[in-house]
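K.L.:
These protein sequence lines are chains X and A, in that order. Residue 1 is where the first sequence starts when you use the UniProt record's numbering, and the numbers rise one by one after that. Residue 1 is where the second sequence starts when you use the UniProt record's numbering, and the numbers rise one by one after that.
There are 2 protein chains.
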Amino acid sequence: MPAPTEFIKYVDAHKDAFIARLGEAVAIPSVSGDPSHRQDVINMAGFIKRLLEPLGVKVELKDIGMEKQTDGSELPLPPVVFGVLGDNPNKKTILLYAHYDVQPALVTDGWNTDPFTLSPDNEGRLFGRGSTDDKGPLIAWINIIEAHVKLGLELPVNLRFCFEGMEESGSEGLDDLIIREKNGFFESCDCVCICDNYWMNDRTPCLTYGVRGMSYYRLVVSGPARDLHSGLFGNTVHEPMTDLILLMSKLVTPNGEILIPGLDKLVAPLTDTERKRYETLDFALTDIEDQVGAKIVLSDDKARVLMGRMRNPSLSLHGIEGAFYGPGAKTVIPAKVQGKFSIRLVPNMTPENVDPLVVKYLHDEFAKLKSKNTLKVENIHGGKPWMADPDHWNYRAAIKATEKVYKKKPDLTREGGSIPVTLTFADVLGLNVLLLPMGRGDDGAHSTNEKLDTYNYIEGTKLLGTYLHEIAVTN
Amino acid sequence: MPAPTEFIKYVDAHKDAFIARLGEAVAIPSVSGDPSHRQDVINMAGFIKRLLEPLGVKVELKDIGMEKQTDGSELPLPPVVFGVLGDNPNKKTILLYAHYDVQPALVTDGWNTDPFTLSPDNEGRLFGRGSTDDKGPLIAWINIIEAHVKLGLELPVNLRFCFEGMEESGSEGLDDLIIREKNGFFESCDCVCICDNYWMNDRTPCLTYGVRGMSYYRLVVSGPARDLHSGLFGNTVHEPMTDLILLMSKLVTPNGEILIPGLDKLVAPLTDTERKRYETLDFALTDIEDQVGAKIVLSDDKARVLMGRMRNPSLSLHGIEGAFYGPGAKTVIPAKVQGKFSIRLVPNMTPENVDPLVVKYLHDEFAKLKSKNTLKVENIHGGKPWMADPDHWNYRAAIKATEKVYKKKPDLTREGGSIPVTLTFADVLGLNVLLLPMGRGDDGAHSTNEKLDTYNYIEGTKLLGTYLHEIAVTN
Ligand SMILES: [Zn+2]
Ligand SMILES: [Zn+2]
Ligand SMILES: [Zn+2]
Ligand SMILES: [Zn+2]
Numbered sequence: 001m002p003a004p005t006e007f008i009k010y011v012d013a014h015k016d017a018f019i020a021r022l023g024e025a026v027a028i029p030s031v032s033g034d035p036s037h038r039q040d041v042i043n044m045a046g047f048i049k050r051l052l053e054p055l056g057v058k059v060e061l062k063d064i065g066m067e068k069q070t071d072g073s074e075l076p077l078p079p080v081v082f083g084v085l086g087d088n089p090n091k092k093t094i095l096l097y098a099h100y101d102v103q104p105a106l107v108t109d110g111w112n113t114d115p116f117t118l119s120p121d122n123e124g125r126l127f128g129r130g131s132t133d134d135k136g137p138l139i140a141w142i143n144i145i146e147a148h149v150k151l152g153l154e155l156p157v158n159l160r161f162c163f164e165g166m167e168e169s170g171s172e173g174l175d176d177l178i179i180r181e182k183n184g185f186f187e188s189c190d191c192v193c194i195c196d197n198y199w200m201n202d203r204t205p206c207l208t209y210g211v212r213g214m215s216y217y218r219l220v221v222s223g224p225a226r227d228l229h230s231g232l233f234g235n236t237v238h239e240p241m242t243d244l245i246l247l248m249s250k251l252v253t254p255n256g257e258i259l260i261p262g263l264d265k266l267v268a269p270l271t272d273t274e275r276k277r278y279e280t281l282d283f284a285l286t287d288i289e290d291q292v293g294a295k296i297v298l299s300d301d302k303a304r305v306l307m308g309r310m311r312n313p314s315l316s317l318h319g320i321e322g323a324f325y326g327p328g329a330k331t332v333i334p335a336k337v338q339g340k341f342s343i344r345l346v347p348n349m350t351p352e353n354v355d356p357l358v359v360k361y362l363h364d365e366f367a368k369l370k371s372k373n374t375l376k377v378e379n380i381h382g383g384k385p386w387m388a389d390p391d392h393w394n395y396r397a398a399i400k401a402t403e404k405v406y407k408k409k410p411d412l413t414r415e416g417g418s419i420p421v422t423l424t425f426a427d428v429l430g431l432n433v434l435l436l437p438m439g440r441g442d443d444g445a446h447s448t449n450e451k452l453d454t455y456n457y458i459e460g461t462k463l464l465g466t467y468l469h470e471i472a473v474t475n
Numbered sequence: 001m002p003a004p005t006e007f008i009k010y011v012d013a014h015k016d017a018f019i020a021r022l023g024e025a026v027a028i029p030s031v032s033g034d035p036s037h038r039q040d041v042i043n044m045a046g047f048i049k050r051l052l053e054p055l056g057v058k059v060e061l062k063d064i065g066m067e068k069q070t071d072g073s074e075l076p077l078p079p080v081v082f083g084v085l086g087d088n089p090n091k092k093t094i095l096l097y098a099h100y101d102v103q104p105a106l107v108t109d110g111w112n113t114d115p116f117t118l119s120p121d122n123e124g125r126l127f128g129r130g131s132t133d134d135k136g137p138l139i140a141w142i143n144i145i146e147a148h149v150k151l152g153l154e155l156p157v158n159l160r161f162c163f164e165g166m167e168e169s170g171s172e173g174l175d176d177l178i179i180r181e182k183n184g185f186f187e188s189c190d191c192v193c194i195c196d197n198y199w200m201n202d203r204t205p206c207l208t209y210g211v212r213g214m215s216y217y218r219l220v221v222s223g224p225a226r227d228l229h230s231g232l233f234g235n236t237v238h239e240p241m242t243d244l245i246l247l248m249s250k251l252v253t254p255n256g257e258i259l260i261p262g263l264d265k266l267v268a269p270l271t272d273t274e275r276k277r278y279e280t281l282d283f284a285l286t287d288i289e290d291q292v293g294a295k296i297v298l299s300d301d302k303a304r305v306l307m308g309r310m311r312n313p314s315l316s317l318h319g320i321e322g323a324f325y326g327p328g329a330k331t332v333i334p335a336k337v338q339g340k341f342s343i344r345l346v347p348n349m350t351p352e353n354v355d356p357l358v359v360k361y362l363h364d365e366f367a368k369l370k371s372k373n374t375l376k377v378e379n380i381h382g383g384k385p386w387m388a389d390p391d392h393w394n395y396r397a398a399i400k401a402t403e404k405v406y407k408k409k410p411d412l413t414r415e416g417g418s419i420p421v422t423l424t425f426a427d428v429l430g431l432n433v434l435l436l437p438m439g440r441g442d443d444g445a446h447s448t449n450e451k452l453d454t455y456n457y458i459e460g461t462k463l464l465g466t467y468l469h470e471i472a473v474t475n
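#1: Listing by chain order, which chain A residues have their CB less than 8 Å from the CB of S314 (chain X)?
#2: Please compile the residues from chain X whose C-beta is within a distance smaller than 7 Å of the C-beta of N449 (chain A).
#3: Quick one: does the C-beta of residue 478 (chain A) sit closer than 6 Å to a heavy atom of ligand 3?
#4: Among A:R304, A:T286 and A:S249, which one has its Cα closest to the Cα of E274 (chain A)?
#5: Return helix, strand or coil for N348 (chain X), following the three-state DSSP convention.
#6: For a contact meaning CB atoms closer than 9 Å, what does R212 (chain A) contact in chain X?
#7: Please compile the residues from chain A whose C-beta is within a distance smaller than 7 Å of the C-beta of A294 (chain X).
#8: Quick one: what's got a C-beta closer than 6 Å to A268 (chain X)'s C-beta in the same chain, skipping five residues either side?
#9: Return the first residue and the last residue of the beta strand (DSSP E) that F7 (chain A) is part of.
#10: What residues from chain A crowd round V433 (chain X), counting only those whose CB sits closer than 7 Å?
#11: What residues from the stretch 59 to 88 of chain X come within 7 Å of chain A, judged by C-beta to C-beta, listed N to C?
#12: For a minimum of 4 consecutive residues, which ranges assigned as the alpha helix (DSSP H) are wholly contained in the stretch 127 to 176 of chain X?
#13: Under 9 Å Cβ-Cβ, which residues of chain X neighbour D243 (chain A)?
#14: From P89 (chain A) to I144 (chain A), what does the alpha carbon distance come to, in whole angstroms?
#15: Sort out for me which residues DSSP pairs M214 (chain X) with in a bridge.
#16: What is the residue span of the alpha helix (DSSP H) that H99 (chain X) lies within?
#17: I'd like to know if H469 (chain A) contacts chain X, where contact means its C-beta is closer than 7 Å to some C-beta of that chain.
#18: Can you find a CB in chain A that lies within less than 7 Å of the CB of D329 (chain X)?
#19: Considering only heavy atoms of ligand 3, list every residue whose Cβ is less than 5 Å from one of them, following chain order.
#20: Which residue marks the beginning of the alpha helix (DSSP H) containing G308 (chain X), and which one marks its end?
#21: So is A11 (chain X) buried or exposed if we call it buried at 16+ other beta carbons inside 10 Å?
#22: Quick one: which chain A residues come within Cβ less than 8 Å of K340 (chain X)?
#23: Given 6 Å as the limit, tell me if A323 (chain X) has its C-beta closer than that to any heavy atom belonging to ligand 4.
#24: Could you work out which residue in X:V297, X:L118 and X:T108 is closest to P224 (chain A) when comparing CA atoms only?
#25: Mind reading off the beta-carbon distance from R160 (chain X) to T93 (chain X)? Whole number of angstroms is fine, and I expect it under 8 Å.
#26: Contact check, G173 (chain A) vs I28 (chain A) under 8 Å by CB: the rounded distance?
#27: Cβ of L357 (chain A) within 7 Å of Cβ of G262 (chain A)?
#28: For K91 (chain A), which of A:C189, A:A25 and A:I8 has the nearest alpha-carbon?
#29: Quick one: grab the DSSP three-state call for P76 (chain X).
#30: Residue range of the beta strand (DSSP E) that I419 (chain X) falls in?
#31: Secondary structure at I320 (chain X), three-state DSSP: helix, strand or coil?
#32: Count the C-beta pairs between the stretch 320 to 327 of chain X and the stretch 277 to 296 of chain X that are closer than 8 Å, then say yes if the count reaches three, no if not.
#33: Give a single yes or no on whether E415 (chain X) has its beta carbon closer than 6 Å to a heavy atom of ligand 2.
#34: Exposed or buried, what is L151 (chain X) when buried is set at 16 or more other beta-carbons lying within 10 Å of its beta-carbon?
#35: Can you tell me whether DSSP reads F186 (chain A) as helix, strand or coil?
#36: Closer than 7 Å, CB to CB, is I333 (chain X) near chain A or not?
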């Protein structure tokens, strides 16, 4: 049962309307990590509800409680959008997940266009925060339902929508909700499809059957009661920045090797068969160089680099809160600085077995500094890595759909980025989870000038729709 | 010729008016380091002009040209306020310097009050950006002239005012102006008084006969063409932050020791006599602990700590531009990061003999990293250290004035902070320069919650006025 031709035609014919709809979504700055944008995140949930209900989807905005702020105050968490479409016991029930929040974005970060105005260029690239991560895919599901409703076509599956608004901020509140609703909203689900990652390159579609987990840390060094003038106090007191920078320098080498003792022993051993798989993926080092726009890959060995991304951990230093960050030359000794770094986790690492090693190592290294400042190490948020069975009918349906839309076999890959909810769906609901990406590897999710190609948006809409038809007939 | 009693009484009687005037000055956010505040800096020059002219001072706002921005555009530099009061060839001519620009300040940095609203507390402390650095002293000179005009008292000296608006941003344009006006505006000057530093503690006035210089550096590491997602690219490419943090960690130890080879050889050798001088200053390690609000001094040896501040160099790490600096947990690999650090220079260091050592060391260390990213090291601005002869009549007059107002002998000290113009006045004009501080060591210049005590503001106004009377009779 391939997707009906009318559906494919409808998608092509409504390209402009679909882009305009994505533009409306991008225009809502639903930045979950910035408390001043919390109302925008909540408004985004309302926007989705207003799109789904006229299409016959029963929508509920699930309140998931409050978020505690660092200053002790509380902010309402954005609701999880639950949607129900179809209840035919003879059909499979597919759970569709996407997130409607986005990463922060300021023009001054280096955007060429306003990040919250979807801006097409003459190559059909649609620039805007959230275009590819994850509003494009989310709106695509809505486009697909609309097409079926307008064409009077019956969907061959029942659908359950679960759209969250805190993905970029640790999916706070979602795990509890999934656990609570395991035998409620989620009860009839047979498998899960998550559209929230990317092709490895700009030519070959892929399905993803594993993602790394993450532990995000805050390393707080405090000293003086207030910021100091470096002229007056330089070489007089222990400076928190000196201590922090030295600690941060002891986490990872320029070559990507993590220096925290014991972490390497947690990584599942590599077999020859597994190494060969990385050697044969349609992915060249030049693809990575193209994606990042510079010849800075860590090695000439393709398998080494792909394993660094897919099956080995990584440690990235993100920045420092509390230090001088502006242009110019401020001569401050900051009183309290917070180093931010994260470790991407792979089987068999978990936040639980990694945290104690990180905390002990940093406190040991700090003790060696003999500083009179104080250190606090905190895990801000984290999630385990995840792997699925790629021989499941869920994957086989997605492979067939990809071959039909893109005339190509998709690569089966594991991915570097964390999507913690993947793991919760797999663990709590006991379901096979498929990651079916829409965007390309150079889309720049989380970066300045994030984009989604019109081609990927439109063909990706066809792909997701076709997948729903294939899954009905795959066993 | 001590200061007339009427003058002292006038200052006491006009305390509230003088505080109100300082409040008007603080309310103008003349942040020279922030282009968006440039018009406020220029407005501040007009504010000063409008106060001085009715008092009989001939004021000229000297245009000193344009400032090149990093993006290639240009901004007008704020004018230097030149003022002339008196031209009697039988009187000495004193050059008074202060600056009317201030450091950046945001409530969100941790201020307890709006930084641009002068806010007294019930201990008489006046909180506000620029209260002590350097608007309090600048307004004090205006108060002194007003007192003499209103009381019909003749000033026993001629005065020349030189108030600049770029001190916190490297005094751009001022050196050139001083050189140009050496035989013009500055020709008749006999000595210089700069009121722009602080007592060492909160009880003993001091005169300062030396200050450290400074070299401020920007360390730019560039890699990818845009920011990257750490999930997708962690352990795949060379990350600029990893390289930068490692380089910054190689500059200074937690104990304040600078690691750049060769710098120690540039420092003038320490004699036993000089060491003894530091042992006898009225300055305890607990004073520093009180000032910084924490027990974080680098040593139990008082002379070691004071020399670290006054006669030895220091290196402070100020922050990183381009990395993640907000609250929360952004999983970015920043594409281009700029580490900011500065070295305080002491005799016989100069930016010219220090720069090559810094640049070579950092490039050598960067080469060791074998990173494919690129490094650029730049000196943003700098100034030589300076020392004056504290036996000059300029100093002896200030000592007498201090004894009269504060009933105490001032400590003769050298200071840690740079005031580059000190050196220019000394070198270009060939004059003795006195640093006569008004504020206390815990005022928090350049920090959050900067303040000036009402006591120091009012007694300091008497001190500066008395100094003008003493200098007329000291030879
Ligand atoms: Zn996402
Ligand atoms: Zn994301
Ligand atoms: Zn100053
Ligand atoms: Zn200053």
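For every residue, glycine included, the Cβ atom is placed at its ideal position computed from N, Cα and C.
P.N.:
Considering the structure as presented:
#1: Correct list: S230, G234, N235 and T236.
#2: Think of a sphere of 7 Å around the beta carbon of N449 (chain A): the chain X residues whose beta carbon falls inside it are R226, in chain order.
#3: Because chain A is modelled from 1 through 475, residue 478 (chain A) falls outside the range shown and cannot be assessed.
#4: It is A:R304 whose Cα lies nearest to the Cα of E274 (chain A).
#5: Coil.
#6: Ordered by position in chain X, the residues that pass the 9 Å Cβ test against R212 (chain A) are G231 and G234.
#7: Those within 7 Å of A294 (chain X) in chain A are G223, P224 and A225.
#8: Excluding sequence positions up to five before and after A268 (chain X), its CB lies within less than 6 Å of the CB of P347 and N348, all in the same chain and listed in chain order.
#9: Element bounds for F7 (chain A): not the beta strand (DSSP E) but the alpha helix (DSSP H), T5 to A13.
#10: Those within 7 Å of V433 (chain X) in chain A number zero; the least Cβ separation is about 17 Å.
#11: Residues passing the 7 Å Cβ filter: T70.
#12: Here the runs fully enclosed are 136 to 151.
#13: When 9 Å is used as the limit between beta carbons, D243 (chain A) is near these residues of chain X: P254, in chain order.
#14: P89 (chain A) and I144 (chain A) have their C-alpha atoms some 22 Å from each other.
#15: Paired residue(s): X:R344 and X:G383.
#16: Not the alpha helix (DSSP H): H99 (chain X) falls in the beta strand (DSSP E), residues T93 to H99.
#17: Not closer than 7 Å to any Cβ of chain X, the Cβ of H469 (chain A) fails to qualify, so no.
#18: Inspection of the sequence shows that residue 329 (chain X) is occupied by Ala rather than by Asp. The beta-carbon of A329 (chain X) is placed less than 7 Å from the nearest beta-carbon of chain A.
#19: A residue is listed when its beta-carbon falls short of 5 Å from at least one non-hydrogen atom of ligand 3; in chain order these are A:D133, A:D134 and A:D196.
#20: It spans K302 to M310 - the alpha helix (DSSP H) in which G308 (chain X) sits, taken as one unbroken run.
#21: Residue identity check: residue 11 (chain X) is Val in the sequence provided, not Ala. With a 10 Å radius around the Cβ and a threshold of 16 neighbouring Cβ atoms, V11 (chain X) comes out buried.
#22: The contacting residues are F324, A329 and K330.
#23: No, since every heavy atom of ligand 4 falls outside the 6 Å radius drawn around the Cβ of A323 (chain X).
#24: The residue from X:V297, X:L118 and X:T108 with its alpha-carbon nearest to that of P224 (chain A) is X:V297.
#25: Their Cβ separation, rounded to whole angstroms, is 6 Å, which keeps R160 (chain X) and T93 (chain X) in contact under 8 Å.
#26: At roughly 20 Å, the Cβ-Cβ gap does not stay under 8 Å, so G173 (chain A) and I28 (chain A) are not in contact.
#27: For the pair L357 (chain A) and G262 (chain A), the CB atoms are nearer than the 7 Å cut-off.
#28: Measuring from the Cα of K91 (chain A), the nearest candidate turns out to be A:C189.
#29: Three-state DSSP puts P76 (chain X) in a strand.
#30: No beta strand (DSSP E) holds I419 (chain X); DSSP gives it neither H nor E.
#31: Reduced to three states, the DSSP call for I320 (chain X) is strand.
#32: At 8 Å Cβ cutoff, the stretches do not touch.
#33: Taking the Cβ of E415 (chain X) as the reference point, every heavy atom of ligand 2 lies at 6 Å or farther away.
#34: The residue is exposed, with fewer than 16 neighbouring Cβ atoms inside 10 Å.
#35: Here F186 (chain A) carries a coil assignment [DSSP, helix/strand/coil].
#36: Output row for I333 (chain X): interface = yes.
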